[in-house]
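Q:
2 protein chains.
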Amino acid sequence: MDPDVGRRYAQEVGLVLAQMGTTPAFGTLLGWLLVCDPPRQTAVQIREAVGLSKASVSTGMRALEQSGMVRRVPAEGRGHAYEIHPDAFTRAIDPTAKMRAFIDVMQRGLDLMGDEDAPQARRLRHTRDVYAYMIERIPALLDEFRAREAREEEG
Amino acid sequence: MDPDVGRRYAQEVGLVLAQMGTTPAFGTLLGWLLVCDPPRQTAVQIREAVGLSKASVSTGMRALEQSGMVRRVPAEGRGHAYEIHPDAFTRAIDPTAKMRAFIDVMQRGLDLMGDEDAPQARRLRHTRDVYAYMIERIPALLDEFRAREAREEEG
DNA sequence: CGTAAAGTTCAAGAAGTACTGAACTTTACG
DNA sequence: CGTAAAGTTCAGTACTTCTTGAACTTTACG
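Residue numbers (our numbering), protein chains in the order written: chain A, 2 to 156; chain B, 2 to 156.
Right, dumping it as structure tokens:
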């Protein structure tokens with residue numbers, strides 16, 4: 002991929018991720034690691050590729066590391082390189098996070114009301130229960146996908 | 002529920018929703034409509050309850066209406082009242098929205114690469130496919146929940 | 001049909017946040 | 001072991017975005 006195209010794509014990913022609450026820089030770095038060639042790159046390479054400051058690369062890469070999406074690997078010469086985890090998104094970006102937050106705030110409302118079975122609690126109960134059900138079922142879906150993926154790689 | 006407790010709870014909901022990209026005022030209004038008694042309230046009542054300006058209530062309620070979470074109902078006397086839809090959250094807050102955004106940006110990366118089967122495209126492909134699979138299966142989960150809910154109301 | 005309440009719109013101020021330059025610490029080559 | 005590259009930290013700046021007061025339009029009661 003053309004380096005210029007890659008840089009712009011990384012920024013696109015940055016925008017998408019930013020709309021989900023990360024900083025643009027965080028998403029840009031992730032976007033670059035998603036498409037870069039070779040897949041392992043040093044901070045200096047990344048910096049030159051995406052055009053962020055040394056400070057932003059340092060802070061952003063640490064956040065990516067802590068979130069478990071990216072890992073450090075030894076590099077020849079000085080410093081170290083970074084590599085995105087193959088299924089970084091499924092590992093770190095929990096699609097049920099939003100639902101959990103809803104469940105929590107609904108439950109808190111029910112606690113404040115005191116009587117969970119009161120008619121006025123219905124609005125809160127319904128929302129809590131829908132999301133609780135979804136979250137309960139989603140892990141099985143992920144397992145199914147992994148099984149299907151494994152089957153395809155054999156066959 | 003104590004009016005003061007209700008107001009503070011509405012603000013809590015506002016904070017939770019704000020972390021998902023809405024304005025705090027939007028979430029606060031929604032939070033109030035979740036727990037208020039009576040469930041139908043005029044803009045003036047809402048304004049007094051949550052302590053937002055007339056302007057914020059007006060703008061916020063319109064957004065809630067357009068998102069389909071809240072509907073206007075005729076009020077006695079002047080003006081009109083608002084009422085939250087029983088399953089406002091499941092209707093309007095699509096838990097797959099985030100996944101769709103990821104699928105789109107992964108696909109765009111694959112398009113830029115040209116060759117979808119290239120080894121360097123693997124990182125993009127994997128993420129796209131996981132989320133596509135999840136989205137495909139989630140509607141069935143919602144149906145299951147509704148069926149279960151209907152069964153419980155009979156029994 | 002006049003008037004006051006209800007509702008809308010928008011410019012301006014306030015508040016929060018992300019990026020970076022610069023100073024500092026750590027690392028490792030020669 | 002000196003030095004230069006690599007990496008970290010943080011205060012300041014630039015930017016975006018939410019809220020609101022105020023002026024305006026619409027509604028409906030008397």
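By construction, the Cβ of each residue, glycine as well, lies at the ideal position given by its N, Cα and C atoms.
Since the model is a prediction, treat every value here as computed from it, not as a measurement.
With a 10 Å radius around its C-beta and 16 neighbouring C-beta atoms as the bar for buried, classify A/Val-71 as buried or exposed.
A: buried
Q: Among A/Leu-65, A/Glu-150, A/Ser-54, A/Asp-95, which residue has its Cα nearest to the Cα of A/Leu-31?
A: A/Leu-65
Q: With a cut-off of 8 Å, does the C-beta of B/His-81 fall near any C-beta of chain A?
A: no
Q: Whose C-beta lies closer than 8 Å to the C-beta of B/Thr-40 among residues of the same chain, with five residues either side of it excluded?
A: The residue you asked about is not Thr; residue 40 of chain B is Pro in the sequence shown. Excluding the 5 residues flanking it on each side, B/Pro-40 has same chain C-beta neighbours closer than 8 Å at Leu-34, Glu-84, Ile-85, in chain order.
Q: Alpha carbon to alpha carbon, how far is B/Lys-99 from B/Met-2? Give it in angstroms, no decimals.
A: 35 Å
Q: Taking B/His-127 as the reference, which of A/Thr-23, A/Gly-78, A/Arg-63, A/Leu-143 has the closest Cα?
A: A/Leu-143
Q: Which same chain residues, not among the five before or five after B/Leu-125, have their C-beta less than 6 Å away from its C-beta?
A: So the qualifying residues of the chain are Met-107, Gly-110, Leu-111.
Q: Between A/Gln-218 and chain B, is any beta-carbon pair separated by less than 8 Å?
A: Residue 218 of chain A lies beyond the range of chain A shown here (2 to 156); nothing can be said about it.
Q: Pull up the DSSP beta-bridge partners for B/His-81, would you.
A: According to DSSP, B/His-81 bridges with B/Pro-75.
Q: Just how far apart, CA to CA, sit B/Ala-89 and A/Ile-139?
A: 21 Å
Q: So with CB distances below 7 Å, who are the chain B contacts of A/Asp-38?
A: Gln-121
Q: Taking Cβ-Cβ distances shorter than 8 Å, what residues in chain B pair up with A/Ile-85?
A: In chain order: Arg-124.
Q: Take A/Ser-68 and list the residues in its own chain whose beta-carbon comes closer than 6 Å to its own, dropping the five residues that flank it on each side.
A: Ala-93
Q: With a threshold of 8 Å between beta carbons, is B/Glu-155 in contact with chain A?
A: no
Q: Return the Cβ separation of A/Arg-123 and A/Gly-52 in integer angstroms, given the expectation that the two are a contact with Cβ distance under 8 Å.
A: With a contact defined as Cβ atoms closer than 8 Å, A/Arg-123 and A/Gly-52 miss out at about 53 Å.
Q: Cα separation between B/Pro-25 and B/Val-17?
A: Looking at the two C-alpha atoms, the distance is approximately 8 Å.
Q: For a contact meaning CB atoms closer than 8 Å, what does A/Gln-20 contact in chain B?
A: Gly-22, Ala-102
Q: Closer than 7 Å by beta-carbon distance: list the chain B residues that pair up with A/Phe-146, in chain order.
A: Val-131, Tyr-134
Q: Of all the residues that make up the region 50-63 of chain B, which are near chain A by a beta-carbon distance shorter than 8 Å?
A: none
Q: From the DSSP secondary-structure annotation, give me the bridge partner or partners of A/Gln-42.
A: A/Tyr-83
Q: Nearest to A/Glu-77 by CA position, among A/Ser-54, A/Gln-42, A/Glu-49, is which residue?
A: Checking every option, the nearest Cα to that of A/Glu-77 belongs to A/Gln-42.
Q: Hey, B/Arg-48 and B/Val-58 are a contact pair by Cβ (cut 8 Å); roughly how many whole angstroms apart?
A: 5 Å
Q: With 8 Å as the threshold, decide whether the Cβ of B/Phe-27 is near any Cβ in chain A.
A: It does not: the Cβ of B/Phe-27 has no partner Cβ on chain A nearer than 8 Å.
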